[in-house]
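For reference, the structure is listed below as structure tokens.
There are 2 protein chains.
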Amino acid sequence: MGRPSKKAERTEEILQAFYRCVARYGIEGSTLERIAEESGLKRSLVRHFVGNRDELISLLVERVIDQSDNQWRAFIDSLPAAQVSAPLLEGLFCDQYSDAEYILVIESLIFAAGRDETLRQRMQQWLQRFTDDVVMLLQRDYPSADIDSLEAVSFGIISIYFNLDSLAPLAMNQHYRQPARTAAQRLIDSLEKT
Amino acid sequence: MGRPSKKAERTEEILQAFYRCVARYGIEGSTLERIAEESGLKRSLVRHFVGNRDELISLLVERVIDQSDNQWRAFIDSLPAAQVSAPLLEGLFCDQYSDAEYILVIESLIFAAGRDETLRQRMQQWLQRFTDDVVMLLQRDYPSADIDSLEAVSFGIISIYFNLDSLAPLAMNQHYRQPARTAAQRLIDSLEKT
DNA sequence: TCTTTTATTGTCACATTTGACAGTTAAAGA
DNA sequence: TCTTTAACTGTCAAATGTGACAATAAAAGA
């Protein structure tokens, strides 16, 4: 009985609006007013459905990380069991993952992590998973490579990949996509020698 | 005649305070109040000597970039004419450049560049210089390498280097310093084949 | 001492952001 | 129609940040 709840629906709208605001203004710059305007709701409603700023941020962080994890998980699951290097690079450095809004949001989270211990730990484990997974993938193609080499190469690839993100506004242009991929390729090739 | 001006002295104090605030709170979070408190001056004085927020930010950006440029310039000038790769890596990945405060400030500038067209261009050329210089340096040791390879390797090294910065709060621990350096070394070694 | 210049303090007005809450309206079932 | 539940609106108070400016104090030279 009673009026049906729109909490789920509204929460979704609000989080999407928050997401867009973070891309444009960063986390700190995303005031409740802006989020409300972006979502087309009153500020009171934003508070009513989601809560205060802190709860809002927590929800967004979880959502973005989950989304990123799912995408990544789906990606590495789609890779073949052997000869994985080429499609790995293809997937990492193709335009598909270059959603500008997503990049700016990730960048905002990384930046905020520098000033928030909790978020830092959250992002740290998020980042660690990438490296671990790449090590695991490369091990398929180069089973005789020692673990230090694999970790160094993985770290390099991840660095190059996220560099395009964190320096996105600086290095985002097409100009840097090719060198990035080539450098990653060279790192992988360096495992051949072993 | 008249009371002697303290403009130069105070401006220095204010900029140093601003610098510390940016490391702690980011640019947007560095209010005039905080800067005043950090410098031990009244907010009115901050305005009196330096001006409003925008002028303050301009001054800090120029100072940080100049400082960074000078350090980098001095570093590459100190490198030998030949066999430059090893000392280059040594210089890049030693602890000397791992000043946590400096890293956080650079990170703040990069982040802010994502939302400010003028700053973006400023940082872009700042970043470009690193890549260009590394290409030039590597060319000494590998004169027969083609320009695309040199650019890719340079881009990779710079990415790995700045990754430690931009992901500093996430990857700053000693754990990542060794893989970073090893990966960079492998990139350089990949130029041997040519 | 007087004047000039600048440092320094203090305060007012205005805008923004946020938290809290009262009050109203809409949608369901009884 | 009545009740219940929740959506929705509006507004007030407190805190914060900023720009502007008046007023005072200090340090120099004349």
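Here the protein sequences come in this chain order: X and G.
Heads up, the first sequence is in our numbering, so the first residue is 1 and it goes up one at a time.
Heads up, the second sequence is in our numbering, so the first residue is 1001 and it goes up one at a time.
We put the beta carbon where it would ideally sit given N, CA and C, even for glycine.
Since we're looking at a predicted model, the values are computed, not measured.
*Using 8 Å as the limit for Cβ to Cβ distance, is residue 1046(G) near chain X?*
At a cut-off of 8 Å between beta-carbon atoms, residue 1046(G) makes no contact with chain X.
*Evaluate contact between the segment 1081 to 1091 of chain G and the segment 1177 to 1194 of chain G, counting only Cβ atoms and requiring at least three cross-stretch pairs below 8 Å.*
With the rule of 3 Cβ pairs closer than 8 Å, the segment 1081 to 1091 of chain G counts as touching the segment 1177 to 1194 of chain G.
_Residue-chain proximity (residue 1162(G), chain X), Cβ-Cβ < 8 Å_ = For residue 1162(G), the answer is yes, since a Cβ of chain X falls inside 8 Å of its Cβ.
*Confirm, please, whether the CB-CB distance from residue 36(X) to residue 46(X) is below 8 Å.*
When the beta-carbon positions are compared, residue 46(X) and residue 36(X) come within less than 8 Å of each other.
*Kindly indicate which three-state DSSP category residue 102(X) falls into: helix, strand or coil?*
Here residue 102(X) sits in helix by DSSP.
*As assigned by DSSP and simplified to three states, the class of residue 1145(G)*: Correct three-state label for residue 1145(G): coil.
*asked:* Let's see if you can read the secondary structure: which residues bound the alpha helix (DSSP H) around residue 1048(G)?
replied: For residue 1048(G), the uninterrupted alpha helix (DSSP H) run begins and ends at 1043 to 1049, by DSSP.
*Take residue 157(X) as the anchor and find which of 139(X), 176(X), 180(X) and 148(X) has the nearest alpha-carbon.*
Comparing Cα-Cα distances from residue 157(X) to each of 139(X), 176(X), 180(X) and 148(X), the minimum goes to 180(X).
*From the DSSP output, in three-state form, read off residue 1182(G) for me.*
In the structure shown, residue 1182(G) sits in a helix (DSSP, three-state: H, G or I).
*Mind listing which residues of the segment 1048 to 1065 of chain G have their C-beta closer than 8 Å to chain X's C-betas, in chain order?*
Under the 8 Å Cβ criterion, the segment 1048 to 1065 of chain G contributes no residue.
*Given a threshold of 16 other Cβ atoms within 10 Å of its Cβ, counted over all protein chains shown, does residue 1100(G) qualify as buried or as exposed?*
Residue 1100(G) should be labelled exposed.
*Taking 8 Å as the threshold, find out whether the segment 1005 to 1023 of chain G comes into contact with the segment 1103 to 1114 of chain G through three or more Cβ pairs.*
As far as the Cβ criterion goes, the segment 1005 to 1023 of chain G touches the segment 1103 to 1114 of chain G, which means the pair count is three or higher.
_Extent of the continuous alpha helix (DSSP H) run through residue 1021(G)_ = For residue 1021(G), the uninterrupted alpha helix (DSSP H) segment begins and ends at 1007 to 1029.
_Against residue 189(X), what residues of chain G qualify as contacts under a CB-to-CB distance less than 8 Å, listed in chain order?_
1190, listed in chain order.
_Contained alpha helix (DSSP H) runs [length at least 4] in the segment 53 to 120 of chain X, N- to C-terminal order_ = Entirely contained in the segment 53 to 120 of chain X, the alpha helix (DSSP H) runs reaching 4 residues are, in chain order, 53 to 78, 85 to 93 and 100 to 113.
*Assigned secondary structure, residue 1192(G) (DSSP; H/G/I helix, E/B strand, else coil)*: Reduced to three states, the DSSP call for residue 1192(G) is coil.
_Neighbourhood of residue 133(X) by C-beta distance below 6 Å, restricted to the same chain and skipping five residues each side_ = Same-chain partners within the cutoff: 76.
*Taking Cβ positions only, does residue 43(X) come closer than 8 Å to chain G?*
Chain G contact via Cβ: absent.
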